[in-house]
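Residue numbers (our numbering): 3 to 174.
Glycine included, C-beta positions come from ideal geometry on N, C-alpha and C.
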């Protein structure tokens, strides 16, 4: 007997995106399960960043659909049609999707702890104490418990990457 398979957390179905005559995304289909780590690889100009921007609804897709937890990203269904969701609703959805890019965009004036606490406090509205506890836990989880007070310039590239990963994890 097999256990039931959970639906994917993120579904990308036949997504197309063009800029003028240049079709950057051509029928992209993929799914990501909860807890799965995914890397998007390809040469410069192949659409990696465009796909990530579409997942966060920073770019509108031309065809196909992208679902997060079974719901269309950036749209809501009304009378059997998809209409664009209000910006506030889109912002709430973006806060639930964490991604780590090659540029980690850490704040140079904040410690590792401060960088990880920033979004939970300002985006999720968590009290500072709760955000601090969450940040410490995820930094320890990625092996940086001893670097809480280190600034980005004091960290190796790999450590900076793990701070960025911890920042995404802290958003849960």
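Quiz prompt | Cα-Cα separation between residue 28 and residue 63, rounded to whole angstroms | solution = For the purposes of this step, residue 28 is taken as residue 26 along the chain shown, with counting starting at 1. For the purposes of this step, residue 63 is taken as residue 61 along the chain shown, with counting starting at 1. Straight-line Cα distance between these residues: approximately 11 Å.
Exercise. Using the Cα positions of residue 151 and residue 41, report the straight-line distance between them to the nearest angstrom.
Key: On the chain shown, residue 151 is found 149 positions in, with the first residue counted as 1. On the chain shown, residue 41 is found 39 positions in, with the first residue counted as 1. So the alpha carbons of these two residues sit roughly 29 Å apart.
Quiz item: By Cβ distance, which residues of its chain are closer than 6 Å to residue 158, with the 5 residues on each side in sequence left out?
Solution: Here residue 158 refers to the residue found at position 156 of the chain shown. None.
Quiz item: Can you name, in chain order, every residue of its own chain whose Cβ lies under 7 Å from the Cβ of residue 19, other than the five neighbours on each side?
Solution: Here residue 19 refers to the residue found at position 17 when the chain shown is read from its first residue. Contacts found: 26, 27, 52, 56, 61, 63 and 64.
Quiz item: Between the region 138–157 and the region 64–78, do three or more beta carbon pairs fall short of 8 Å?
Solution: Taking 8 Å as the limit for Cβ pairs, the verdict is that the region 64–78 does not touch the region 138–157.
Self-check item: Limits of the unbroken beta strand (DSSP E) element including residue 141
Solution: For this step, residue 141 is matched to residue 139 along the chain shown. Careful: residue 141 lies outside any beta strand (DSSP E), inside the alpha helix (DSSP H) at 130–143.
Quiz item: Which word fits residue 88, buried or exposed, when buried means at least 16 other C-beta atoms lie within 10 angstroms of its C-beta?
Solution: Translated into the one-based positions of the chain shown, residue 88 becomes position 86. Its Cβ having fewer than 16 others within 10 Å, residue 88 is exposed.
Quiz prompt | Closest residue to residue 43 among 37, 54, 36 and 35 (Cα-Cα distance) | solution = Locating residue 43 in the chain shown gives position 41, where the first residue counts as 1. Comparing Cα positions, the closest option is 54.
Quiz item: On the three-state DSSP scale, how would you describe residue 28?
Solution: Along the chain shown, one-based indexing puts residue 28 at 26. Three-state DSSP puts residue 28 in a strand.
Quiz item: Ordered along the chain, which non-local residues of its own chain (more than five positions away) have a Cβ less than 6 Å from that of residue 92?
Solution: The residue you call residue 92 lines up with position 90 of the chain shown. Closer than 6 Å at Cβ, skipping near neighbours: 59 and 76.
Quiz prompt | Nearest-angstrom Cα separation, counted from residue 24 out to residue 8 | solution = Position 6 of the chain shown, counted from the first residue, corresponds to residue 8. Position 22 of the chain shown, counted from the first residue, corresponds to residue 24. Each residue's alpha carbon lies about 36 Å from the other.
Practice problem: My understanding is that residue 128 touches residue 120, with C-beta atoms under 8 Å, so please give their C-beta distance in whole angstroms. | Solution: Residue 128 sits at position 126 when you count from the first residue of the chain shown. Residue 120 sits at position 118 when you count from the first residue of the chain shown. Actually they do not touch by this definition, with Cβ atoms about 11 Å apart.
Quiz item: To the nearest angstrom, how far is it from the Cα of residue 167 to the Cα of residue 15?
Solution: The residue you call residue 167 lines up with position 165 of the chain shown. The residue you call residue 15 lines up with position 13 of the chain shown. Their backbone Cα atoms lie some 26 Å apart in a straight line.
Quiz item: Nearest to residue 68 by alpha carbon, out of 95, 80 and 45?
Solution: The residue given as residue 68 occupies position 66 in the chain shown. Of 95, 80 and 45, the smallest CA-CA separation from residue 68 is found for 95.
Quiz item: Does any residue of chain D bring its CB to less than 8 Å from the CB of residue 78?
Solution: This model lacks chain D altogether; it includes just one protein chain.
Quiz prompt | Buried or exposed (CB count within 10 angstroms, at least 16 for buried), residue 147 | solution = Taking the first residue of the chain shown as 1, we reach residue 147 at position 145. Exposed, because fewer than 16 other Cβ atoms sit within 10 Å of the Cβ of residue 147.
Quiz item: Based on the DSSP secondary-structure assignment, which residues constitute the bridge partners of residue 65?
Solution: Translated into positions along the chain shown, residue 65 becomes position 63. According to DSSP, which records beta bridges pairwise, residue 65 is partnered with 18.
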